[in-house]
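Enquirer: Quick one: the structure is below, questions incoming.
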Amino acid sequence: MTDYVIRRLAQTLPIALLVATLVFSLIHMIPGDPVEMMLGEGAQRSEVENLRHELGLDRPLIQQYGSFLGGLVKGDLGSSLHFGEPVTRILARHYPATLELAFASMLVALAISLPLGILAAFHRDGPIDHASRFFSLLGVSIPNFWLGPMLILVFSIQLNLFPVSGRSGLASLVLPSITLGTALAGLLTRMIRSSLAEELHKPYLATAQAKGLSRRLAVVRHALKNASIPVVTIVGLQFGALLTGAIITETIFAWPGLGRLIIQSIRLRDYPLVQGGILAIALTYLLLNLVTDVVYAYLDPRIRLR
Amino acid sequence: MAEDYGIPGSGRATLWAGAVLVVVVLLIALFGPLLTPYDPTTLRLEQRLETPSLAHPLGLDELGRDILSRMVYGARISVGVGLSVVILAGLLGTLLGAISGYAGGRVDTVLMRLTDVFLAFPGILLAIALVAVLGPALRHVVLALVVIGWVGYARLVRGQVLQIKEQEFVTAAQAAGVRAPRIVLRHILPNVLPTLLVQASLGMAGAILAEASLSFLGLGIQPPTPSWGAMINAGRSHLLDAPHLALFPGIAILLTVMGLNFLGDGLVDLINPRRRRSGEPRED
Chain A
5 MTDYVIRRLA QTLPIALLVA TLVFSLIHMI PGDPVEMMLG EGAQRSEVEN
55 LRHELGLDRP LIQQYGSFLG GLVKGDLGSS LHFGEPVTRI LARHYPATLE
105 LAFASMLVAL AISLPLGILA AFHRDGPIDH ASRFFSLLGV SIPNFWLGPM
155 LILVFSIQLN LFPVSGRSGL ASLVLPSITL GTALAGLLTR MIRSSLAEEL
205 HKPYLATAQA KGLSRRLAVV RHALKNASIP VVTIVGLQFG ALLTGAIITE
255 TIFAWPGLGR LIIQSIRLRD YPLVQGGILA IALTYLLLNL VTDVVYAYLD
305 PRIRLR
Chain B
52 MAEDYGIPGS GRATLWAGAV LVVVVLLIAL FGPLLTPYDP TTLRLEQRLE
102 TPSLAHPLGL DELGRDILSR MVYGARISVG VGLSVVILAG LLGTLLGAIS
152 GYAGGRVDTV LMRLTDVFLA FPGILLAIAL VAVLGPALRH VVLALVVIGW
202 VGYARLVRGQ VLQIKEQEFV TAAQAAGVRA PRIVLRHILP NVLPTLLVQA
252 SLGMAGAILA EASLSFLGLG IQPPTPSWGA MINAGRSHLL DAPHLALFPG
302 IAILLTVMGL NFLGDGLVDL INPRRRRSGE PRED
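Chains as they are written, first to last, in our numbering: chain A, 5 to 310; chain B, 52 to 335.
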């Protein structure tokens, strides 16, 4: 197992380096002069030169790259142009809100998809199965930037059940997490159904029943456990995808997380903060993939021996 | 279990429902503008936020523009972006995936590590980053979506090529002295085509949703060009007094994306009837 973890780490580090390189190069993809772009029209020549020097953009590219990576290792991503604060400090302040939203959305997704997927697998090609198929396709098709405002319209404006926006206690978490979790619920329902349906046909269930176990116990003890392995992987990988989905959801509900911060800093042309936010999400995603793979290998010994 | 060997009823139904929805949206995008009575950019400030009526079946927006006309023109943007992204990303991904799978060795390693980097960015994060630095414009949206889209095709085609190149008809062609590009083009890729079609259908759904997301965030299509995503964003500030602004464009996106997803899903069953029987997970 340790070998496997080391091997996966060795695969992840170069990718993390390349991801950081890509994020570093973003600022150089800005058409024209990035510094003039950040300061906007009408900036004084001296202001432009000062900022250029401050950001180190007057140095040779290789030096800029070196200090970017060096800073990254030390947790220093420069300062926000707008807030004048260190980027990492701002990110740390917004990170918990995004994690909270992602966790809540995952719970919503599991609460819908587990019962629906299991029921569909047991009643294959019956009405429940067809309904679950329709629901999962609907779930992955519904735009969350539309679902959010519609939920606000019905549950906040008309029924006055939940706050329209902001982060103030459990009630304020309900609509954002439904908005973000619905697509995942659709995807997971499908996964759980097919994963369990496959297990239900395997000979070991007949063996377990032949040995005197009831069908129900055989399913609960054996099939559900085996069916959960691919689902765990998807849950892990999709958690990272929730972090991106949070960009839109946080914008709709004025949720004070990383996603809203990224969009705000794009509007403010605060590129160091944009870079930092993108990097924070991408590296979290990489880490989650690594953890998921390790958990998967732990659950399924065939993987780590490959 | 005889029915398991054909497409089960629900699979065929999704295929048809998807195909009909997609054809309708394509027709609206192609011919709709010939039928709309109003220009999508004409302002009628004195009639702003007017609710649906006979003259304006879906009402008027915050600047008094006809919402139905804007949605019809918006369909052109959505379909145009969707098709461009699928074609460009599909071609690029297929080319690189085929090279990677057929050549193997170091070429394969390098190309697959490259896809790993792009896959390290979840969802549309990289597209948001690219459009943020390049600036909001239609061509930048397409570029950004191609940059994140090609990877899926490359991985898919590579996997298929790896399987197919071991088959006897490929070995026979190699033995007969057929050159590699011809083997890939004439013998391998036709076998990958059905799977590619599924990916294209699902990929177009993803691209349309992504374009609308970017436009919703203000990073995509810029006003006054009508875009479904931007229309929903504008409607957000009028949920209280004029909810129809956000309602209708959302339904348009939902039906279009659902049509493409249904189509893709139905195609999977058509190509691989075994899936429903064994409950094989969908590869996407």
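All C-beta atoms, glycine included, are put in the ideal place defined by N, C-alpha and C.
(1) Per DSSP, D117 of chain B is paired with what?
(2) Going along chain B, which residues have a C-beta under 9 angstroms from P147 of chain A?
(3) Any beta carbon from chain B within less than 7 angstroms of M33 of chain A's own beta carbon?
(4) Once you ignore the five residues that flank E113 of chain B on each side, which residues in its own chain have a CB closer than 7 angstroms to its CB?
(5) Keeping to the same chain, check which residues put their C-beta closer than 8 angstroms to that of Y204 of chain B; ignore five residues upstream and five downstream.
(6) Just to confirm, is the Cβ distance from A23 of chain B to I79 of chain B under 7 angstroms?
(7) Judging by CA-CA distance, which residue of B:W67, B:R121, B:F82 is the nearest neighbour of A303 of chain B?
(8) In terms of residues, what are the limits of the alpha helix (DSSP H) holding G318 of chain A?
(9) Taking 7 angstroms as the threshold (C-beta atoms), are S109 of chain A and G185 of chain A in contact?
(10) Looking only at its own chain, which residues have a Cβ that is under 7 angstroms from the Cβ of H98 of chain A, when we skip the five neighbours before and after it?
(11) Between B:L311, B:L189, B:S252, which lies nearest to I272 of chain B when the distance is taken from Cα to Cα?
(12) When Cβ atoms are compared, which residues of the segment 171 to 199 of chain B fall closer than 9 angstroms to chain A?
(13) Using a cut-off of 8 angstroms between C-beta atoms, extract the partners of L291 of chain B located in chain A.
(14) Determine contact between the segment 200 to 220 of chain B and the segment 286 to 301 of chain A, defined as no fewer than three beta-carbon pairs at a distance below 8 angstroms.
(15) Does the CB of V23 of chain A have a neighbour CB from chain B at under 7 angstroms?
(16) Tell me, to the nearest whole angstrom, how far the beta carbon of V198 of chain B is from that of L181 of chain B; I am working on the premise that it is less than 8 angstroms.
(17) For S198 of chain A, tell me which candidate among A:K215, A:V168, A:R128 has the shortest Cα-Cα distance.
(18) Going by other Cβ atoms of all chains shown within 10 Å of its Cβ, with 16 needed for buried, is N54 of chain A buried or exposed?
(19) Counting C-beta neighbours from all protein chains within 10 Å, is the total for M5 of chain A 16 or more, i.e. buried, or is it exposed?
(20) Applying the criterion that 16 or more other CB atoms from any shown protein chain within 10 Å of the CB defines a buried residue, is R220 of chain A buried or exposed?
(21) With a 10 Å radius around its C-beta and 16 neighbouring C-beta atoms as the bar for buried, classify N164 of chain A as buried or exposed.
(22) If you compare alpha carbons, which of B:L298, B:L165, B:V132, B:G83 is closest to L26 of chain A?
(23) Check for me: the alpha helix (DSSP H) holding I234 of chain B runs from which residue to which?
(24) Just the C-alpha distance for T87 of chain B and A64 of chain B, rounded to the nearest angstrom, thanks.
(25) So which residues of chain B does V144 of chain A contact, with C-beta pairs closer than 7 angstroms?
(26) Need the endpoints of the alpha helix (DSSP H) that Q250 of chain B sits in, please.
(27) Per the contact definition of three or more C-beta pairs closer than 8 angstroms, is the segment 195 to 211 of chain A in contact with the segment 225 to 238 of chain A?
(28) Cβ of V71 of chain B less than 7 angstroms from any chain A Cβ?
(29) How is P90 of chain A classed by DSSP in three states: helix, strand or coil?
(30) In the DSSP output, what is S83 of chain A paired with across the bridge?
(31) At a Cβ cut of 7 angstroms, what residues of the segment 238 to 249 of chain A count as close to chain B, listed as they run along the chain?
(32) Does chain B have any CB closer than 7 angstroms to the CB of P276 of chain A?
(33) Roughly how far, in whole angstroms, is the beta-carbon of V52 of chain A from the beta-carbon of L43 of chain A, given that I think they are within contact range, below 8 angstroms?
(34) Answer yes or no: do S181 of chain A and V77 of chain A have a C-beta to C-beta separation smaller than 7 angstroms?
(35) List the endpoints of the continuous alpha helix (DSSP H) containing T222 of chain B.
(36) On the three-state DSSP scale, how would you describe Q67 of chain A?
Expert: According to the structure shown:
(1) Looking up residue 117 of chain B in the second sequence gives position 66. Note: D117 of chain B sits in a beta bridge opposite B:L111.
(2) Translated into positions along the first sequence, residue 147 of chain A becomes position 143. The answer, in chain order, is L260, A263, S264, F267, W279, G280, I283, G301, I304, L305, V308.
(3) The residue labelled residue 33 of chain A in the question sits at position 29 within the first sequence. Yes, contact with chain B.
(4) Along the second sequence, one-based indexing puts residue 113 of chain B at 62. Same-chain partners within the cutoff: R99, L100, A285, H289, L296.
(5) Locating residue 204 of chain B in the second sequence gives position 153, counting from the first residue. Hits under 8 angstroms: A140, G141, L143, G144, T145, G148, L247, Q250, G254.
(6) Only positions 52 to 335 of chain B appear in the structure, and residue 23 of chain B is not among them; the question remains open.
(7) Residue mapping note: residue 303 of chain B aligns to position 252 of the second sequence, counting from 1. When each option's Cα is compared against that of A303 of chain B, the closest is B:R121.
(8) A question about residue 318 of chain A goes unanswered here, because the residues of chain A that appear run from 5 up to 310.
(9) The sequence position of residue 185 of chain A within the first sequence is 181, counting from 1. The sequence position of residue 109 of chain A within the first sequence is 105, counting from 1. Closer than 7 angstroms, so yes.
(10) Residue mapping note: residue 98 of chain A aligns to position 94 of the first sequence, counting from 1. For H98 of chain A, where only same-chain residues beyond five positions count, the Cβ hits under 7 angstroms are P260, G261, L262, L265.
(11) Within the second sequence, residue 272 of chain B is the residue found at index 221, counting from 1. Nearest C-alpha to I272 of chain B among B:L311, B:L189, B:S252: B:L189.
(12) Closer than 9 angstroms at the C-beta level to chain A, one finds these residues of the segment 171 to 199 of chain B: A171, F172, P173, G174, I175, L176, L177, I179, A180, L181, V182, A183, V184, L185, G186.
(13) Indexing the second sequence from 1 puts residue 291 of chain B at position 240. Taking a Cβ-Cβ threshold of 8 angstroms, the residues of chain A close to L291 of chain B are I161, in chain order.
(14) The count of Cβ pairs closer than 8 angstroms, one atom from the segment 200 to 220 of chain B and one from the segment 286 to 301 of chain A, stays below three, leaving the stretches out of contact.
(15) For the purposes of this step, residue 23 of chain A is taken as the residue at position 19 of the first sequence. Chain B contact via Cβ: present.
(16) Your numbering for residue 198 of chain B matches position 147 in the second sequence. Your numbering for residue 181 of chain B matches position 130 in the second sequence. In this structure, V198 of chain B and L181 of chain B form a Cβ contact; the two beta carbons are roughly 6 angstroms apart against a cut-off of 8 angstroms.
(17) Sequence index remark: in the first sequence, residue 198 of chain A carries index 194 (1-based). Per the Cα distances, A:R128.
(18) Start at 1 with the first residue of the first sequence, and residue 54 of chain A comes out as number 50. By the 10 Å Cβ count, N54 of chain A comes out exposed.
(19) Numbered from 1 along the first sequence, position 1 holds the residue referred to as residue 5 of chain A. M5 of chain A should be labelled exposed.
(20) Counted from its first residue, the first sequence places residue 220 of chain A at position 216. Exposed: under 16 other Cβ atoms inside 10 Å.
(21) On the first sequence, position 160 is the one that residue 164 of chain A refers to. The residue is exposed, with fewer than 16 neighbouring Cβ atoms inside 10 Å.
(22) Stepping through the first sequence from its first residue, residue 26 of chain A is reached at position 22. Cα-wise, what sits closest to L26 of chain A is B:L165.
(23) Residue numbering aside, residue 234 of chain B sits at position 183 when the second sequence is read from its first letter. I234 of chain B: not part of any alpha helix (DSSP H); DSSP gives it neither H nor E.
(24) Along the second sequence, one-based indexing puts residue 87 of chain B at 36. Along the second sequence, one-based indexing puts residue 64 of chain B at 13. Answer to the nearest angstrom: the Cα atoms are 31 angstroms apart.
(25) The sequence position of residue 144 of chain A within the first sequence is 140, counting from 1. In chain order: N312.
(26) Your numbering for residue 250 of chain B matches position 199 in the second sequence. Unbroken alpha helix (DSSP H) run through Q250 of chain B: 240 to 267.
(27) Contact holds: three or more Cβ-Cβ distances are below 8 angstroms.
(28) As a first step, residue 71 of chain B is located in the second sequence; it is residue number 20 there, counting from the start. V71 of chain B does not count as touching chain A.
(29) The residue labelled residue 90 of chain A in the question sits at position 86 within the first sequence. In this structure, P90 of chain A counts as strand in the three-state DSSP scheme.
(30) If you number the first sequence from 1, residue 83 of chain A lands on position 79. A:P90.
(31) Listed by position, the residues of the segment 238 to 249 of chain A near chain B (Cβ gap below 7 angstroms) are G244, A245, L247, T248, G249.
(32) Residue mapping note: residue 276 of chain A aligns to position 272 of the first sequence, counting from 1. By this cut-off, P276 of chain A is not an interface position.
(33) Stepping through the first sequence from its first residue, residue 52 of chain A is reached at position 48. Stepping through the first sequence from its first residue, residue 43 of chain A is reached at position 39. In this structure, V52 of chain A and L43 of chain A form a Cβ contact; the two beta carbons are roughly 6 angstroms apart against a cut-off of 8 angstroms.
(34) The sequence position of residue 181 of chain A within the first sequence is 177, counting from 1. The sequence position of residue 77 of chain A within the first sequence is 73, counting from 1. Cβ distance not < 7 angstroms, so S181 of chain A and V77 of chain A don't count as in contact.
(35) The count along the second sequence starts at 1 and reaches residue 222 of chain B at position 171. Note, T222 of chain B: alpha helix (DSSP H), 219 to 226.
(36) As a position in the first sequence, residue 67 of chain A is number 63, starting the count at 1. If DSSP states are grouped into helix, strand and coil, Q67 of chain A belongs with the helices.
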